[in-house]
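In this note's numbering, the protein residues as written are 7 to 178.
Structure, rendered in structure tokens:
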């Protein structure tokens, strides 16, 4: 199978208090011999900052509920990146009644930051893209998307947020 045939799940869209049960559902639903790609953003694991530090509070901004209809039309991101960790997710994936095999764990922060910067470039610098976005979602949604995407890119650039890809499989 090709990468396009593989299912992918953003764990950022799973509320933190439901993360373990969601992973258990993935374990149960995944067919033997197949894999799934999981995406996850987290605060850096090496950081021992208090949740109430200024850096951590700034990290929360892209994950706050949004007002625009554009944000509501997509899967809502949650505060899981603020409270979750890649180590906790890996431990959960490899435990339980149907543990999965970790195939790949990769920090893709630089690629993610590049993607976010590209999106900001489209929102700000591509007149056709911007006009289509504003026509479909409104000016307020465009401002909100541009701000939160720029902010998140800055967090990744500053090392306050990491982006991870985890590929897991169910043994045949």
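Note that beta-carbon positions come from the ideal geometry of N, C-alpha and C, so glycine has one too.
Original post:
Candidates 99, 13, 26, 106: which alpha carbon is nearest residue 177's?
Top reply: The residue given as residue 177 occupies position 171 in the chain shown. Just measuring C-alpha positions, the residue of 99, 13, 26, 106 sitting nearest residue 177 is 106.
Original post:
Cβ atoms of residue 65 and residue 166: under 8 Å apart, would you say?
Top reply: Indexing the chain shown from 1 puts residue 166 at position 160. Indexing the chain shown from 1 puts residue 65 at position 59. Residue 65 is positioned such that its CB atom lies closer than 8 Å to that of residue 166.
Original post:
Does the pairing of the stretch 24–32 with the stretch 82–100 give three or more beta-carbon distances under 8 Å?
Top reply: Touching, per the Cβ criterion.
Subject >> Contact the stretch 28–40 vs the stretch 152–165: 3+ CB pairs below 8 Å >> reply: In this structure the stretch 28–40 does not touch the stretch 152–165; the number of beta carbon pairs closer than 8 Å is below three.
**OP:** Might you give, ordered along the chain, the residues of its own chain that have their beta carbon closer than 6 Å to the beta carbon of residue 16, omitting 5 neighbours on each side?
**Re:** Your numbering for residue 16 matches position 10 in the chain shown. Once the five neighbours on either side are set aside, the close Cβ partners of residue 16 are 45.
Original post:
Per DSSP, which one or two residues make a beta bridge with residue 108?
Top reply: If you number the chain shown from 1, residue 108 lands on position 102. For residue 108, DSSP records a beta bridge to 174.
Subject >> Exposure of residue 110, with buried meaning 16 or more beta-carbon neighbours within 10 Å >> reply: Indexing the chain shown from 1 puts residue 110 at position 104. It is exposed - the Cβ of residue 110 has fewer than 16 other Cβ atoms within 10 Å.
Original post:
By the 10 Å Cβ neighbour count, where 16 or more other Cβ atoms means buried, how is residue 158 classified, buried or exposed?
Top reply: Position 152 of the chain shown, counted from the start, is the residue given in the question as residue 158. Burial of residue 158 is indicated by the presence of at least 16 other C-beta atoms within 10 angstroms of its C-beta.
Subject >> The alpha helix (DSSP H) enclosing residue 99, as first and last residue numbers >> reply: By one-based count along the chain shown, residue 99 stands at place 93. Going by DSSP, residue 99 is part of the alpha helix (DSSP H) stretching over 92–99.
**OP:** Would you mind sorting residue 103 into buried or exposed? The rule is 16 or more other CB atoms within 10 Å of its CB.
**Re:** In the chain shown, counting from the first residue as 1, residue 103 sits at position 97. Flag for residue 103 reads exposed.
**OP:** For residue 161, I'd like the list of residues in its chain whose CB is within less than 6 Å of its CB, leaving aside the five on either flank, ordered along the chain.
**Re:** Counted from its first residue, the chain shown places residue 161 at position 155. Once the five neighbours on either side are set aside, the close Cβ partners of residue 161 are 65, 167.
Original post:
Can you list the alpha helix (DSSP H) stretches of 4 or more residues lying completely in the stretch 129–177, in chain order?
Top reply: If we require 4 residues or more, the alpha helix (DSSP H) runs fully inside the stretch 129–177 come out as 133–143, 145–163.
**OP:** Return helix, strand or coil for residue 127, following the three-state DSSP convention.
**Re:** What you label residue 127 is simply residue 121 of the chain shown in a count that begins at 1. Under the three-state reduction of DSSP, residue 127 is assigned to helix.
Original post:
According to the neighbour-count rule (16 or more other Cβ atoms, all chains shown, within 10 Å of its Cβ), is residue 58 buried or exposed?
Top reply: Numbered from its first residue, the chain shown carries residue 58 at position 52. That one is exposed.
**OP:** Could you check what DSSP says for residue 7 in three-state terms: helix, strand or coil?
**Re:** Walking along the chain shown from the start, residue 7 turns up at place 1. For residue 7, the predicted structure reports a pLDDT of 44, less than 50, and the residue's modelled location is therefore unreliable. A value from the coordinates is still provided. Residue 7 carries a coil assignment under DSSP once its states are collapsed to helix, strand and coil.
Subject >> Minimum C-alpha distance to residue 86 - residue among 69, 113, 73, 101 >> reply: Against the chain shown, residue 86 aligns to sequence position 80. Ranking 69, 113, 73, 101 by Cα distance to residue 86 puts 69 first.
Original post:
residue 173 and residue 41 look like a contact to me (Cβ under 8 Å); what is the Cβ gap, rounded to whole Å?
Top reply: In the chain shown, counting from the first residue as 1, residue 173 sits at position 167. In the chain shown, counting from the first residue as 1, residue 41 sits at position 35. Confirmed, about 6 Å.
Subject >> Neighbour-count burial assignment, residue 169, 16 or more Cβ in a 10 Å radius >> reply: The count along the chain shown starts at 1 and reaches residue 169 at position 163. In this structure residue 169 is buried. Its beta-carbon is surrounded by 16 or more other beta-carbon atoms within 10 angstroms.
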